[in-house]
Amino acid sequence: MGDVVSSHLDEAKREIITVQTRAVMMSFGRLYEQQYAVALFNKVRFDVEGGGGPQPQLLHRQIPLENRSIFSGSLFQYLEENRKWRNRFLFVPDSYKIHYYASKASHDKRLRPKASISCAGYTVLTSMEEYLHLFSSILPGTKAKDGDSPFLKCATQFPVILWHPYARHYYFCVLTQEEQRRWLAVLQDCVRHANDGLSEENKVQTPAFTDAVRLYRQAQGYFGTWELMCGEPSQILSNLVMEGLLPELRELISPRLKGKLPERQRHWMLVSDAVYRLVQDQCQAQYEAVVQKCEAASSSLQASIRADMDQIISSREHVTSKIRELLLPKAEKLLKVSIQPYISSILDALMAPTSRGFSEVRDVFFRELVDMSKNALNEGSKETVVQDMEKISILAFHPVKMQSCYEKVEPLSLEGLQQRFDVSSPSVFVHRAQILMREQMDHAVYTFEQILHQSLESQGSTDLCKTIQRCQDRVMKKFDYDSSSVRKRFFREALLQIFIPYMLKQLGPSCSSELPRFQELIFEDFSRFILVENVFEEVVLHSIMKDIVMAVKEAAVQRRHNLYRDSLVLGGSDPSLLLLADEASAHRAAREHTEGGGGPSQKRGGRMKQVVSMIQTDGSPVLDTRAWTEGHVAHDGPEAQQSDGEELSDDSAPADERPPGSAHALDPSGSPEDHAWKEDEAQSPNKVPVMVESAPRGASAREEEEGGGSGGDGRVLVEEQPPSNQEVPEKTFPPQESRSGDTETAPERQL
Numbered sequence: 069m070g071d072v073v074s075s076h077l078d079e080a081k082r083e084i085i086t087v088q089t090r091a092v093m094m095s096f097g098r099l100y101e102q103q104y105a106v107a108l109f110n111k112v113r114f115d116v117e118g119g120g121g122p123q124p125q126l127l128h129r130q131i132p133l134e135n136r137s138i139f140s141g142s143l144f145q146y147l148e149e150n151r152k153w154r155n156r157f158l159f160v161p162d163s164y165k166i167h168y169y170a171s172k173a174s175h176d177k178r179l180r181p182k183a184s185i186s187c188a189g190y191t192v193l194t195s196m197e198e199y200l201h202l203f204s205s206i207l208p209g210t211k212a213k214d215g216d217s218p219f220l221k222c223a224t225q226f227p228v229i230l231w232h233p234y235a236r237h238y239y240f241c242v243l244t245q246e247e248q249r250r251w252l253a254v255l256q257d258c259v260r261h262a263n264d265g266l267s268e269e270n271k272v273q274t275p276a277f278t279d280a281v282r283l284y285r286q287a288q289g290y291f292g293t294w295e296l297m298c299g300e301p302s303q304i305l306s307n308l309v310m311e312g313l314l315p316e317l318r319e320l321i322s323p324r325l326k327g328k329l330p331e332r333q334r335h336w337m338l339v340s341d342a343v344y345r346l347v348q349d350q351c352q353a354q355y356e357a358v359v360q361k362c363e364a365a366s367s368s369l370q371a372s373i374r375a376d377m378d379q380i381i382s383s384r385e386h387v388t389s390k391i392r393e394l395l396l397p398k399a400e401k402l403l404k405v406s407i408q409p410y411i412s413s414i415l416d417a418l419m420a421p422t423s424r425g426f427s428e429v430r431d432v433f434f435r436e437l438v439d440m441s442k443n444a445l446n447e448g449s450k451e452t453v454v455q456d457m458e459k460i461s462i463l464a465f466h467p468v469k470m471q472s473c474y475e476k477v478e479p480l481s482l483e484g485l486q487q488r489f490d491v492s493s494p495s496v497f498v499h500r501a502q503i504l505m506r507e508q509m510d511h512a513v514y515t516f517e518q519i520l521h522q523s524l525e526s527q528g529s530t531d532l533c534k535t536i537q538r539c540q541d542r543v544m545k546k547f548d549y550d551s552s553s554v555r556k557r558f559f560r561e562a563l564l565q566i567f568i569p570y571m572l573k574q575l576g577p578s579c580s581s582e583l584p585r586f587q588e589l590i591f592e593d594f595s596r597f598i599l600v601e602n603v604f605e606e607v608v609l610h611s612i613m614k615d616i617v618m619a620v621k622e623a624a625v626q627r628r629h630n631l632y633r634d635s636l637v638l639g640g641s642d643p644s645l646l647l648l649a650d651e652a653s654a655h656r657a658a659r660e661h662t663e664g665g666g667g668p669s670q671k672r673g674g675r676m677k678q679v680v681s682m683i684q685t686d687g688s689p690v691l692d693t694r695a696w697t698e699g700h701v702a703h704d705g706p707e708a709q710q711s712d713g714e715e716l717s718d719d720s721a722p723a724d725e726r727p728p729g730s731a732h733a734l735d736p737s738g739s740p741e742d743h744a745w746k747e748d749e750a751q752s753p754n755k756v757p758v759m760v761e762s763a764p765r766g767a768s769a770r771e772e773e774e775g776g777g778s779g780g781d782g783r784v785l786v787e788e789q790p791p792s793n794q795e796v797p798e799k800t801f802p803p804q805e806s807r808s809g810d811t812e813t814a815p816e817r818q819l
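To get our numbering, take the position in the sequence shown, counting from 1, and add 68.
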């Protein structure tokens, strides 16, 4: 393998790689420094002025998965070094980074993994035909012909392949179709998590980075969505470099590839991976230097901002008004002719599969609660409730159980509109919707845990089934409200992400020559914090915002979309949940006093929406949050937050018929090594047929048949770790080092 790479990447080609990488990073660095000052001004201004926004009904867990295994199991892996298949043990920790070991024994002994895989930018495939089809797109002239054999022969007829346009490919095989389905769900979950954007914990670096990348690509003529805006900053920058570098290298190297088609494909993959790793190392070092330079100047910039805040704001508003006078006539004409006729059709294409996915989330959660009610009625013991709650707590992070929800969104298609609006693929929107679904599931489960714990403490173990039903009814109504709000926000962001780049591309040529004169209106001392290009884009955004908000509002009243529920919510917070907040705070204060205090843990980064920072219309308000603890008897749970705001009245929803639930095993197939979730249906049999009291359901069966359905976006409590004061934002959490000794099954939790 080394000979192949070294023979095609000589000193001359390595110099080409270094020169192009440096050129891209220099251009990016200049943009980053400009956007850093603007992002810093926006943060300081927001810290001073504050803001508000809609409040969620469901409680939010702070650290949904801390030091817990997502999945683990054994399969066959193809080793490029010796071209042989070997048995490997894969372990997926809470970071969603895949670690693989020579055997399960190596993992159990806490040895270092042979390697780790970051799944950002990867695609999961389950056939060699799919793989070779994608391969032909990155190496023109090597399209496989009928009868050509691939460069590797799968060990079984059930492959699972990780494909990347630049990086190394990974080949796995399993023995059965059921295993293939399970590993497909797991690896897709890892890809989904890695593709979910950058950490939003840093309010300056993240928007500066995303805007700098976006502006660089626009300067190169790329205005649409970008599937490879994923992973860590060094990965994103490497993708940016490879976008222009790889075609040039391919022209130089492809004619020199020897052998039959399979050999040429294999050699090109090895060369591409070597180039990608080399570029990534250089990007990482140069990016860190740029960030360090900006951070060093941060203090002086903040001092200037705070001293001249009012004048900067006034100057910015003056420039905005002048640009608006120039831009609005052209923007309104473009909107009327090229955008307004397409808003409703694109919105319908987004809404139908997304609503089906959220509806499935609701149904999966409901069925689990029905099973809990049945078992409580049959067994009648608090221990049974504890066991069932442990199973439900991991629901949002169970790839197999959540797969049916994710699959509902995958048919999302913008066919016929993608080319017009430069949308390369709907996968950006699919992944975002799936992340929201997982988050909503977790919020619902955590809220149910808290309310159930409160009810059991006040009422004891008598009449467990009715207690569970009352808690379920309350959570379902809050679930419906949040599901509607989350989906409407998602639709607004998706429409902005589709239309804003198109408008910039159309309006840019006619306005770009006029923009420099507006720079003269800005005082030199303020020019670092007011960029004409940013103001121009903001005016474009505001010009279309009214049409998008109106379109989503009109769609919200259509019952088939199930987005009307939040308009029925009465004002005022749920007094029971406020009481629960006070009780949780008291639990935490008592525990901290007992433990002797201690500083708060370092906050873990959340995930940023996969949408350019200039159109984060819902990201600016600061929510007033409160700390929560689980309050279990035997284990101190993690803290969580709940935003103050309007709570759904428990009496506001009608009680409709609900489908009967059925017991769900996590995955009965496979050996004890196969995966991290084990459920034994024999421990909780339904001894007698049970009719479970129906709970409120926002959507009727007729509405579901029409393609609508309420749902949610969620994460679930799975951890049994010591409490923490950390907060988790709306999105998923960043990778962290796993503990190879983590247990694969969750211990029983006390309620």
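Glycine included, C-beta positions come from ideal geometry on N, C-alpha and C.
Around the beta carbon of T530, fewer than 16 other beta carbons lie within 10 angstroms, which makes this residue exposed.
Excluding five sequence positions before and after V309, the CB atoms of its chain that fall closer than 6 Å to its own CB belong to T89, V92, V347, given in chain order. Following the DSSP letters along the chain, one finds I414 inside the alpha helix (DSSP H) bounded by residues 408 to 447. Residue ranges of uninterrupted alpha helix (DSSP H) with 4 or more members, entirely inside the stretch 364 to 394 and ordered along the chain, are 366 to 375. One alpha carbon belongs to I381, the other to N110, and they sit about 10 Å apart. Listed as beta-bridge partners of S184 by DSSP are H167. Within the model, the alpha-carbon separation for T452 versus A444 is close to 6 Å.
Its chain contains M93 as the residues whose beta carbon lies nearer than 6 Å to that of Q354, once the 5 sequence neighbours on both sides are disregarded; these appear in chain order. Here the alpha carbon of K545 sits roughly 20 Å from the alpha carbon of M457.
Take the alpha-carbon of A188 and the one of G141: they are about 21 Å apart. Pairing M337 with H237 gives a Cβ-Cβ distance under 8 Å. Distance between V339 and V72, taken at the CA atoms: about 8 Å. At least 8 Å separates the beta-carbon of S174 from that of F159. Looking at I321, R560, V607, F567, the one whose alpha-carbon comes closest to that of C579 is V607. Beyond the five residues adjoining it in sequence on each side, S441 comes within less than 7 Å, by CB distance, of C533, I536, Q537, V760 in the same chain, given in chain order. Per DSSP, reduced to three states, the secondary structure at W336 is helical. Under DSSP, L143 forms a beta bridge with R156. DSSP assignment within the stretch 283 to 366 yields the following whole alpha helix (DSSP H) runs of 4 residues or more, N-terminal first: 301 to 321, 329 to 364. Nearest Cα to E300 within the set L320, P275, N263: N263. Taking C-beta atoms under 8 Å as the contact rule, S481 and P494 qualify, at a distance of about 6 Å. Under the Cβ criterion (8 Å, minimum of three pairs), the stretch 176 to 195 counts as touching the stretch 222 to 233. A residue is called buried when at least 16 other Cβ atoms come within 10 angstroms of its Cβ; N155 does not meet this threshold and is exposed.
Beta-bridge partners of F277 (DSSP): none assigned. By the Cβ neighbour-count rule, L179 is exposed, with fewer than 16 other Cβ atoms within 10 Å of its own. Here DSSP, grouped into helix, strand and coil, assigns I131 to coil.
By the CB criterion at 8 Å, I568 and L609 fall inside the cutoff. A direct Cα-Cα distance of roughly 20 Å separates R334 from I185. Counting only runs of 4+ residues, the alpha helix (DSSP H) found wholly inside the stretch 471 to 533 occupies 495 to 527, in chain order.
When DSSP states are grouped into helix, strand and coil, I229 belongs to the strand group. Assigned with DSSP and collapsed to three states, F591 falls in coil, not helix or strand. The residues C579, E582, in chain order, have a CB closer than 8 Å to that of L394 in the same chain once the five nearest residues on each side in sequence are set aside. Counting other Cβ atoms within 10 Å of its Cβ, D593 stays below 16 and is therefore classed as exposed.
Taking all protein chains shown into account, D548 has 16 or more neighbouring C-beta atoms within 10 Å of its C-beta and is therefore buried. V454 and F219 have their alpha carbons spaced roughly 52 Å apart. Setting aside the 5 residues that flank it on each side, W251 is surrounded in the same chain by G141, L143, V228, F240, V242, each with a C-beta closer than 8 Å to its C-beta; the list follows chain order.
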